[in-house]
DNA sequence: ACAATGGTCC
DNA sequence: ACTCGGACCATTGTA
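Numbering (our numbering), first residue to last: 2 to 440.
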């Protein structure tokens with residue numbers, strides 16, 4: 002049993018007695034079943050959106066070339082850089098450089114958006130090109146005779162997370178102008194609903210417990226708005242006086258903690274000075290001593306043992322952590338900070354999938370919501386609730402309309418109770434005819 | 001075939 | 001001089 006686990010058990014928490022290896026063994030058949038189940042997409046709606054955006058992108062391309070004064074391949078970063086920085090002579094001072102020249106990444110172009118009218122249509126073109134080429138065109142070609150998409154899940158990551166490929170269903174758009182439109186094309190079968198359940202702030206809750214950070218544990222126990230609380234801490238103000246802008250910055254700080262935040266990294270994310278970012282981080286660690294200690298402990302452990310591990314023992318070796326090339330060593334130090342957190346969260350979700358799948362197969366819902374085990378109404382294969390998707394902190398189940406509420410409660414309860422850490426593992430459930438409405 | 005660039009998700 | 005964790009995939013351009 003590893004040290005983290007020993008420490009947790011002493012505190013009287015309920016941690017399943019199962020190794021990471023055993024979890025993976027048990028989750029595999031669940032994944033194979035989910036792949037086989039697949040999820041239905043509304044191909045007609047997807048293709049309608051494709052048509053609409055294709056027309057739009059053609060017009061944008063013409064507009065961009067007109068503003069540029071010549072024809073060029075808008076999809077080529079190198080040609081784009083020539084147009085922007087040679088033809089139009091836009092300023093490159095603030096922009097990041099790549100190995101081959103000046104970056105034309107969206108985030109960089111934002112910085113010079115007010116210098117020329119051409120930037121706005123370029124950014125819009127990028128957005129549409131991404132959606133069309135990655136989602137709208139390929140997905141309809143991959144459906145089976147029932148309009149269902151079947152991904153392939155794999156366990157081969159360095160943290161213990163799952164991956165999804167061919168197609169990747171873990172990066173379906175949700176933000177942006179058309180994100181919801183695309184998610185809405187992921188639908189439930191007629192007479193069924195999609196039930197989506199996601200862990201709220203799972204990684205922050207995990208790190209709060211791994212680090213035994215008193216302030217953060219208290220915040221989660223009280224059900225506080227964690228980002229608002231962090232804002233109050235780093236800006237030295239009362240929580241009731243936190244503005245939305247301050248909360249946004251604090252949210253970035255909270256996310257950054259789990260990634261091995263550096264002042265430079267935070268400054269890039271928030272578009273602020275390195276000094277300002279450094280002050281936020283210092284203020285944060287002044288309050289969150291537990292996190293500060295955790296970070297140092299993981300780095301020390303990685304240096305001395307050559308690896309770090311999760312709550313249930315998934316291990317990641319960091320062979321270059323003692324490298325004399327500073328960037329390499331620092332990079333692995335950040336991995337040492339992040340991996341136990343991300344990996345523990347992954348283990349929790351896998352445990353929930355295993356247990357939930359058992360319950361769904363046993364038909365727990367029928368007895369749960371109707372209080373009977375009657376088989377008068379034959380439960381046939383197509384109307385049983387089935388696990389369809391897993392997206393790191395979220396599970397998506399397809400369930401008969403009349404059972405959806407009960408299934409939602411079952412999923413929530415299963416996910417929240419599968420492990421007992423030092424803070425509640427809160428789960429939010431949504432039900433809808435499509436994936437957008439179920440969120 | 002492969003590297004570089006860019007972008008989507010958690 | 002230069003950076004925050006983990007993935008997959010599309011396109012361009014070079015070999």
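For every residue, glycine included, the Cβ atom is placed at its ideal position computed from N, Cα and C.
All values derive from a computational prediction rather than experimental measurement.
Can you tell me where the beta strand (DSSP E) with residue i in it begins and where it stops?
i: residue 204; result: Element bounds for residue 204: not the beta strand (DSSP E) but the alpha helix (DSSP H), 203–211.
i: residue 24; result: No beta strand (DSSP E) contains residue 24, which is instead part of the alpha helix (DSSP H) from 21–38.
i: residue 193; result: 193–200
i: residue 113; result: Unbroken run through residue 113: none, as it is neither H nor E.
i: residue 401; result: 395–401
i: residue 430; result: 428–433
i: residue 389; result: 387–391
Please report the residue range of the alpha helix (DSSP H) in which residue i lies.
i: residue 134; result: First-last for residue 134: undefined, no H or E at that position.
i: residue 417; result: 405–418
i: residue 69; result: 44–69
Comparing alpha-carbon positions, which option in the options lies nearest residue i?
i: residue 288; options: 236, 141, 86 and 27; result: 236
i: residue 386; options: 330, 102 and 412; result: 412
i: residue 99; options: 79, 91 and 111; result: 79
i: residue 187; options: 211, 221, 136 and 227; result: 136
i: residue 290; options: 226, 400, 212 and 228; result: 212
i: residue 441; options: 245, 361, 269 and 304; result: Residue 441 is absent from the model: the chain starts at 2 and stops at 440.
i: residue 156; options: 148, 165, 150 and 149; result: 165
i: residue 170; options: 389, 160, 25 and 409; result: 389
i: residue 207; options: 195, 351, 347 and 70; result: 347
i: residue 233; options: 284, 200 and 299; result: 284
i: residue 88; options: 117, 94, 225 and 356; result: 117
i: residue 198; options: 316, 402, 415 and 424; result: 415
i: residue 90; options: 429, 231, 77 and 113; result: 113
i: residue 125; options: 40, 55, 101 and 192; result: 55
i: residue 252; options: 244, 392 and 229; result: 229
i: residue 33; options: 355, 408 and 366; result: 355
i: residue 262; options: 107, 200 and 293; result: 293
i: residue 402; options: 384, 394 and 396; result: 384
i: residue 193; options: 168, 82, 103 and 406; result: 406
i: residue 122; options: 143, 132 and 68; result: 68
i: residue 250; options: 337, 424, 278 and 134; result: 278
i: residue 145; options: 64, 138 and 38; result: 38
i: residue 62; options: 311, 129 and 93; result: 129
i: residue 209; options: 115, 410 and 256; result: 256
i: residue 303; options: 139, 333 and 286; result: 333
i: residue 343; options: 247, 422, 311 and 115; result: 311
i: residue 345; options: 93, 325, 81 and 160; result: 160
i: residue 173; options: 133, 432, 189 and 238; result: 133
i: residue 444; options: 258, 226 and 260; result: Outside the shown range of the chain, which is 2 to 440, sits residue 444, and nothing can be said about it.
i: residue 422; options: 27, 204 and 397; result: 204
i: residue 184; options: 215, 424 and 140; result: 140
i: residue 340; options: 259, 138 and 93; result: 259
Return the bridge partner residues of residue i from the DSSP annotation.
i: residue 76; result: Its beta-bridge partners do not exist; DSSP assigns none.
i: residue 154; result: 165
i: residue 187; result: 42
i: residue 103; result: 98
i: residue 127; result: Paired residues: none, contrary to the question.
i: residue 149; result: 41
i: residue 15; result: 421
Would you call residue i buried or exposed, if buried means 16 or more other Cβ atoms sit within 10 Å of its Cβ?
i: residue 7; result: exposed
i: residue 381; result: At residue 381 the pLDDT is 49, less than 50, meaning the model places this residue with poor confidence; the figure from the coordinates comes in the next sentence. Classification for residue 381: exposed.
i: residue 276; result: exposed
i: residue 307; result: exposed
i: residue 404; result: buried
i: residue 429; result: exposed
i: residue 177; result: exposed
i: residue 15; result: exposed
i: residue 322; result: buried
i: residue 20; result: exposed
i: residue 351; result: buried
i: residue 451; result: Residue numbering for the chain in the displayed model covers 2 to 440; residue 451 lies beyond these limits and cannot be assessed.
i: residue 435; result: buried
i: residue 18; result: exposed
As an exercise, report each continuous beta strand (DSSP E) stretch of at least 3 residues that is fully enclosed by the stretch 291–354, in chain order.
Runs of the beta strand (DSSP E) spanning 3 or more residues and lying entirely within the stretch 291–354 occur at 308–310 and 316–318, in chain order.
Please go through the stretch 211–293 and give each complete alpha helix (DSSP H) segment of 4 or more residues, from N-terminal end onward.
The stretch 211–293 contains, as complete alpha helix (DSSP H) runs of 4+ residues, the segments 215–222, 227–236, 245–260, 264–271 and 275–288 (chain order).
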